[in-house]
Structures are given as C-alpha cells and as structure tokens.
Amino acid sequence: LIESGLPVFGICLGQQLIGRALGGRTSRLKFGHHSGNHPVKDLPSGKVLITAQNHNYAVDVESLPAHRIETTHISLNDRTLEGFALCDRPVFCVQFHPEASPGPHDAHGLFDRFLALVTETSGKKEVRNARA
Numbered sequence: 001l002i003e004s005g006l007p008v009f010g011i012c013l014g015q016q017l018i019g020r021a022l023g024g025r026t027s028r029l030k031f032g033h034h035s036g037n038h039p040v041k042d043l044p045s046g047k048v049l050i051t052a053q054n055h056n057y058a059v060d061v062e063s064l065p066a067h068r069i070e071t072t073h074i075s076l077n078d079r080t081l082e083g084f085a086l087c088d089r090p091v092f093c094v095q096f097h098p099e100a101s102p103g104p105h106d107a108h109g110l111f112d113r114f115l116a117l118v119t120e121t122s123g124k125k126e127v128r129n130a131r132a
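As numbered in full-length UniProt numbering, residues 1 to 132 make up the sequence shown, in order.
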C-alpha cells in the first residue's frame, strides 16, 4: 500500500504498521501513554498539541530509514516518536488519536492534511496497483 502512491494516514497501530513495513522496530514503553492530555510537539509548526493517547508501544525512530522519513511529532513527556511522514510518498502517521471524541481537538488539522493529499493525488492518472 505504501508503494501504491495512494494517500495513507496511519493512526496509532497504523503508525506502528507503517513503521514495521519500512523495516522499523517497535518497543514496549516503560509507561504506556493513556489519557486525553499528552503534550506532543508538532515539529514543522513548532506548536504543542494536547493529544489523546492509548498505546503501550512506540516505533523506534532510529530503526526507520532516515532517507525516507521526516519526524513530524514527538512526545514532550518521554521524547518518543509520535508522528512521521514519508518524503517520497503521500503517507503520514501519528501514534496519538486525533479522532478521539470527546477529547482534545488540537490535532484535527491532520484530517485537512489528509484530505489535501487525497485531492492532490485524485487528479493523477497513474496510481500503482497496491497488489502488484
């Protein structure tokens, strides 16, 4: 799916699966992230987002191919990876839950980003077959 050219927005386990698909490792957190008030830094904007989280594992950023990814979000509590994007595909992911409701709404802009990727790629004539 990553190589298909289709837009992908991974959330929570989705980030872990994308990380594993890229050859990355996941590891169990000493203290899981559970609740609706975890501060996460959005690196491109420099803003701090208050996020809802519910996970016990994280992708080890050092295990990902540095030439293919951009780290986009980190936990301000323990510096773990909370989001990354592929540099060469319309794929991005976050470990937290921007869709959580009720919950913080700081990260709702991620859905706008995904919609923009879908709109941008929908006009392209050739999308690689994900099963090829």
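Where is the CB? At the ideal position from N, CA and C, for every residue including glycine.
Which ranges would you report for the beta strand (DSSP E) in the UniProt domain "Glutamine amidotransferase" (2–116) if only whole runs of at least 3 residues count? 8–11, 26–42, 47–59, 69–75, 81–86, 91–94
In angstroms with no decimal places, state the Cα-to-Cα distance between residue 19 and residue 119. When the Cα atoms are used, residue 19 and residue 119 turn out to be separated by approximately 25 Å.
Cβ of residue 95 within 8 Å of Cβ of residue 81? yes
Can you find the residues in the same chain that come closer than 7 Å, C-beta to C-beta, to residue 76, ignoring five residues on each side of it along the sequence? Closer than 7 Å at Cβ, skipping near neighbours: 39, 40, 41, 48.
For residue 108, count the other beta carbons within 10 Å of its own beta carbon; 16 or more makes it buried, fewer makes it exposed. Which is it? Burial call: exposed.
Less than 6 Å between C-beta atoms, sequence neighbours within five positions excluded: which residues of the same chain meet that for residue 110? Apart from the 5 residues on each side of it in sequence, residue 110 sits with its Cβ closer than 6 Å to the Cβ of 98 in its chain, given in chain order.
Just to confirm, is the Cβ distance from residue 62 to residue 85 under 8 Å? no
Inter-residue Cα distance where the pair is residue 67 and residue 88: Between the C-alpha atoms of residue 67 and residue 88 there is a straight-line separation of about 9 Å.
Is it buried or exposed, residue 65, if we count other Cβ atoms within 10 angstroms and call 16 or more buried? exposed
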